[in-house]
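Residue numbers (full-length UniProt numbering): 1 to 245.
Take a look at the structure:
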């Protein structure tokens, strides 16, 4: 068992050495596209708004699991359906209690600060809505912010990243394959669907050499010597009757 393990380790080492001899030019890493940027910015803003509405710890999930794959409002709503957001009224009750304490102590009396009290009422209403229907509220906020950030990102970053089946992505893949062919000494140009006979022969020879090298590493020097001696003995026994004739 240990002999087999040593053979596998030798095979992996030889493969790493063989592959390390070639350098393949890969395309440079692209910057984030408009869709990725808009989703990331919208998620951060939604979490910031949720913290003001006393649901920030629960809405941190939109940063940890940003819906980068959402392409429409329907996809975004399906994403919010999976979030663990339950109805809570403790935040609203705490806000109402704090307002009443400030009002009764004369710090924030309604007659003296009517506008401040009105703003607090609107704020308490928003906190209550975030507690009763968090998914619906934050979905609409997220949708509006996502649409806005998409327009901003398109002006800053540019158009969307092409899909893997687009022409631009195919051109990048062709350039990488051409670089690999050049490093291996194959005819320049992208790989065709039907390989030429010379390329097929070259690939077959390379495969046979790789298998032979793997067999040598697997058997080891002692096993190869034993196999060689056994083959020579059989050849001698086969040749003796012919010499007698």
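For every residue, glycine included, the Cβ atom is placed at its ideal position computed from N, Cα and C.
Residues near residue i in its chain [Cβ-Cβ closer than 7 angstroms; skip 5 each side]
i: residue 85; result: 58, 134, 135
i: residue 83; result: 61, 135
i: residue 51; result: none
i: residue 141; result: 46, 49
i: residue 73; result: 143
i: residue 151; result: none
i: residue 1; result: Annotation note: pLDDT 49 at residue 1 (below 50); position unreliable, coordinate value reported separately. None.
For residue i, three-class secondary structure by DSSP
i: residue 45; result: helix
i: residue 135; result: helix
i: residue 59; result: coil
i: residue 33; result: coil
i: residue 192; result: Because the pLDDT at residue 192 is just 44, under 50, the model does not fix this residue reliably, and the value given afterwards should be weighed accordingly. Of the three classes helix, strand and coil, the one that applies to residue 192 here is coil, per DSSP.
i: residue 84; result: coil
i: residue 145; result: helix
i: residue 65; result: coil
i: residue 39; result: helix
i: residue 70; result: coil
i: residue 157; result: coil
i: residue 246; result: The shown model of the chain, from 1 to 245, leaves out residue 246, and the question about it has no answer.
i: residue 127; result: helix
i: residue 119; result: helix
i: residue 211; result: helix
i: residue 107; result: coil
Alpha carbon of residue i to alpha carbon of residue j, nearest angstrom
i: residue 54; j: residue 105; result: 25 angstroms
i: residue 87; j: residue 132; result: 5 angstroms
i: residue 64; j: residue 93; result: 29 angstroms
i: residue 163; j: residue 91; result: Any answer about residue 163 is weak, because its pLDDT of 49 lies below 50 and its placement is not dependable; what the coordinates show is given next. Near 44 angstroms, if we compare the C-alpha coordinates of residue 91 and residue 163.
i: residue 78; j: residue 43; result: 16 angstroms
i: residue 56; j: residue 45; result: 11 angstroms
i: residue 157; j: residue 89; result: 41 angstroms
i: residue 81; j: residue 149; result: 22 angstroms
i: residue 155; j: residue 108; result: 46 angstroms
i: residue 138; j: residue 102; result: 30 angstroms
i: residue 97; j: residue 32; result: 46 angstroms
i: residue 70; j: residue 112; result: 49 angstroms
i: residue 41; j: residue 130; result: 21 angstroms
i: residue 68; j: residue 211; result: 44 angstroms
Own chain, CB closer than 6 angstroms to residue i, minus 5 neighbours either side, in chain order
i: residue 153; result: 34, 37, 38
i: residue 117; result: 110
i: residue 95; result: 124, 127
i: residue 120; result: 99
i: residue 246; result: Outside the displayed range of the chain (1 to 245) lies residue 246, so it cannot be described from this structure.
Endpoints, the alpha helix (DSSP H) within which residue i is located
i: residue 103; result: 90 to 104
i: residue 75; result: 73 to 81
Same chain only: Cβ atoms within 8 angstroms of residue i, ignoring 5 sequence neighbours per side
i: residue 230; result: none
i: residue 66; result: 39, 40, 43
Presumed contact (8 angstroms Cβ cut-off) between residue i and residue j, rounded CB distance
i: residue 122; j: residue 76; result: With a Cβ gap of about 26 angstroms, residue 122 and residue 76 do not count as contacting.
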